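To keep things clear, I will list the structure first and then write my remarks on it.
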């Protein structure tokens with residue numbers, strides 16, 4: 031794979047992982063350094079994720095109360111085996127994280143984030159981070175394969191321009207949509223559209 035493409039690919043993965051690291055008081059710089067070093071462990075910089083379509087096998091257990099007049103808690107299971115084709119994603123990287131000590135112990139926001147996540151060990155936290163990174167990567171790949179990732183970035187930038195111009199509520203979406211349609215994503219144009227929108231509302 032192209033190492034330059036891989037760098038952008040991995041940057042998107044860390045967009046998700048770093049967010050969790052920051053929220054939980056972990057060192058995102060150490061995590062990124064370790065991840066990028068791991069991506070080049072064989073002498074060539076590569077993407078950290080792997081995606082493939084493969085046949086999947088899974089089992090569904092249907093637990094229902096059995097009709098038993100003597101024991102009401104008796105249950106029976108109905109096992110169904112299924113086959114399907116699905117998307118398999120894998121992310122492997124070192125994650126030096128913790129849930130005790132440092133900022134994680136003393137910062138109330140970090141403690142709240144850990145409570146919301148429901149993690150009780152560093153291993154569980156690393157699994158959450160990897161899952162978020164994998165999901166972030168899938169979203170980016172989907173955007174690249176459909177509308178293009180630039181479209182999403184431009185829409186977000188347009189919303190930021192609308193807010194910077196002073197728009198609020200539903201006006202943000204209306205102005206952002208117009209900015210994208212015109213291809214003029216500038217705060218000056220957003221102010222003009224906001225003024226026009228306010229004038230229209232005053233005359234209604």
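Numbering (our numbering), first residue to last: 31 to 234.
Just so it is clear, CB atoms sit at the ideal spot from N, CA and C, and this is done for glycine as well.
A quick note: this is a predicted structure, and the numbers were derived from the prediction, not measured.
Helix, strand or coil at residue i [DSSP, three-state]
i           : result
residue 39  : helix
residue 141 : helix
residue 111 : strand
residue 204 : helix
residue 59  : helix
residue 99  : Low confidence applies here, because residue 99 scores a pLDDT of 48, under 50, leaving its location unreliable; read the following figure in that light. It is coil, neither helix nor strand.
residue 229 : helix
residue 125 : coil
residue 214 : coil
residue 75  : coil
residue 64  : helix
residue 131 : coil
residue 48  : helix
residue 149 : coil
residue 196 : coil
residue 70  : coil
Nearest-angstrom Cβ-Cβ length linking residue i and residue j, presumed shorter than 8 angstroms
i           : j           : result
residue 223 : residue 208 : 6 angstroms
residue 79  : residue 167 : 5 angstroms
residue 44  : residue 64  : Contact flag wrong, Cβ pair sits at about 11 angstroms.
One or two residues paired with residue i in a DSSP bridge
i           : result
residue 118 : 82
residue 87  : 113
Option in the options with minimal Cα separation from residue i
i           : options               : result
residue 50  : 38, 59, 66 and 162    : 162
residue 174 : 221, 33, 122 and 39   : 39
residue 194 : 151, 204, 184 and 216 : 216
residue 214 : 192, 145 and 149      : 192
residue 123 : 55, 205, 52 and 61    : 61
residue 152 : 172, 130 and 80       : 130
residue 86  : 71, 73, 64 and 112    : 112
residue 169 : 159, 229 and 42       : 42
residue 77  : 134, 63, 37 and 46    : 37
residue 46  : 206, 165 and 200      : 165
residue 196 : 59, 63, 171 and 225   : 225
residue 258 : 212, 200 and 149      : Residue 258 lies beyond the stretch modelled for the chain, which goes from 31 to 234, so this question has no answer here.
residue 149 : 128, 138, 136 and 137 : 128
residue 56  : 137, 184 and 206      : 137
residue 81  : 210, 227, 171 and 184 : 171
residue 160 : 198, 144 and 119      : 119
residue 210 : 155, 184, 59 and 154  : 184
Short Cβ contact (8 angstroms threshold) for residue i with residue j
i           : j           : result
residue 202 : residue 189 : yes
residue 83  : residue 117 : yes
residue 140 : residue 133 : yes
residue 147 : residue 158 : yes
residue 33  : residue 74  : yes
Residue i beta carbon near the ligand FMN (any heavy atom closer than 7 angstroms)
i           : result
residue 163 : Of ligands this structure carries none, so the ligand FMN is not represented either.
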